[in-house]
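Trainee:
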Amino acid sequence: MAELDLKQSQQQLGRTIERARAGEDRELAFRVRELGELFVRQLFGLLRLTTLHSLDNKVFDKPLGDLESTLRALFDLLGAIHVITVERQVYVNDIRIRTDPRADTGNLLGQEFRRFGVGGLSFHEAPSREQLRSLVYSFAEPPDERAPRRRLQEKLRARGVDMVDLMGVFRFRVTGETVVRRKQDVSQTALRTSSLVDATVDSLGANRMPNPLPLRRAVTEMLEIGPDSEELWDQPRATSPYGAHTLRVSVTAMLIGKAIGLPDAALQDLGVAALFHDIGYAAREGARLVLRQRGFHE
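Structure, rendered in structure tokens:
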């Protein structure tokens, strides 16, 4: 019986991968862009509305309802939603969102986020209309000068918006920009990556979809440092044995991939895959979990 269940699961997984290869992602990307543009316009409109009316005004009811519907539609498509603002651009689950350049809403939304040291939002489940009201209210308040992002996250938790995580500010690297890394910087990269792995496992334990974007960024940093760097092989302090082990698996995979001549794009996918190699221990269905989420290569 167990063998039959395993065979059926493998066949279903194979069909899922074949559908991804058959080009369904184009249709998905089109729909995500369409809904993502709506999300940007609706959220920015609500933030602007707070400068004119108090949040208990009924004028907020319809736009909050529209934003709730948009997020539910995105959640049905993606399983979890990661909205990233990078300078003048916005990405939803690694898909670039096209916004009206005349209105410049993507850039303006990013500016609103950066007031709090925020570069993006992760929605681990679709929020209700009242939770969205609390989210908008929290962004409408003045930021804490000392720790704006941490304080904002605390406010959201206290107001019952516990399905939203805040990410730090992202930036594009200029072509040809030289990165000088000290030993301490490399150790910090290793510590941050190990901590991200631990946070990912905790999220899965809470039935939240993982966000691959911060881990992909961490893998990119490790590739720039070089997987043969001694500091990456040292166990970072203040991290769990599991996080340190997973980091070593990723570095080993990239070292072998580099030795056999894999291109950079494949090395990045390999490094990210290695960080998630034990994901099934948290939820018992690792491959199916990552197939639900964009940001992972098929």
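Heads up: the sequence shown begins at 4 in the numbering used here, then just goes up one per residue.
Glycine included, every Cβ here is placed at the ideal spot set by N, Cα and C.
Taking the C-alpha atoms as reference points, what is the distance between methionine 225 and histidine 248?
Mentor: Roughly 15 Å between the two C-alpha positions.
Trainee: Pick from Leu124, Val222 and Tyr245: whose alpha carbon is nearest that of alanine 202?
Mentor: Tyr245
Trainee: Start and end of the alpha helix (DSSP H) containing aspartate 69?
Mentor: 64-81
Trainee: Report the partner residues of histidine 85 according to the DSSP bridge assignment.
Mentor: Answer is Ser125.
Trainee: To the nearest angstrom, how far is it from the Cα of glycine 113 to the Cα of glutamine 92?
Mentor: 8 Å
Trainee: Quick one: Cα of valine 164 to Cα of lysine 261, how far?
Mentor: 43 Å
Trainee: So, is asparagine 96 buried or exposed, given that buried needs 16 or more other C-beta atoms within 10 angstroms?
Mentor: buried
Trainee: Tell me methionine 170's beta-bridge partners as DSSP assigns them.
Mentor: Gly123
Trainee: Between phenylalanine 173 and valine 89, which are expected to be in contact by the criterion C-beta below 8 Å, what is the C-beta distance as a whole number of angstroms?
Mentor: 5 Å
Trainee: Pair every Cβ in the region 51-71 with every Cβ in the region 128-135, then say whether three or more of these pairs are closer than 8 Å.
Mentor: At 8 Å Cβ cutoff, the stretches touch.
Trainee: In this structure, does DSSP put valine 189 in helix, strand or coil?
Mentor: helix
Trainee: Taking the C-alpha atoms as reference points, what is the distance between glycine 39 and isoleucine 100?
Mentor: 6 Å
Trainee: Is the beta carbon of valine 254 sitting closer than 9 Å to the one on tryptophan 236?
Mentor: yes
Trainee: Give the DSSP bridge partners of isoleucine 100, in chain order.
Mentor: Val93
Trainee: Out of curiosity, what's the CA-to-CA distance linking arginine 51 and arginine 44?
Mentor: 11 Å
Trainee: Is alanine 277 helix, strand or coil by DSSP?
Mentor: helix
Trainee: Compare the C-alpha of isoleucine 98 against each of Arg105, Asp205, Ile87 and Ser190 and name the closest.
Mentor: Ile87
Trainee: Span of the alpha helix (DSSP H) holding lysine 61?
Mentor: Here lysine 61 belongs to no alpha helix (DSSP H), and DSSP marks it neither H nor E.
Trainee: Which first and last residues belong to the alpha helix (DSSP H) in which isoleucine 228 is found?
Mentor: 215-228
Trainee: Give the C-beta separation of leucine 41 and threonine 73 to the nearest angstrom, bearing in mind that I take them to be a contact with Cβ-Cβ under 8 Å.
Mentor: 5 Å
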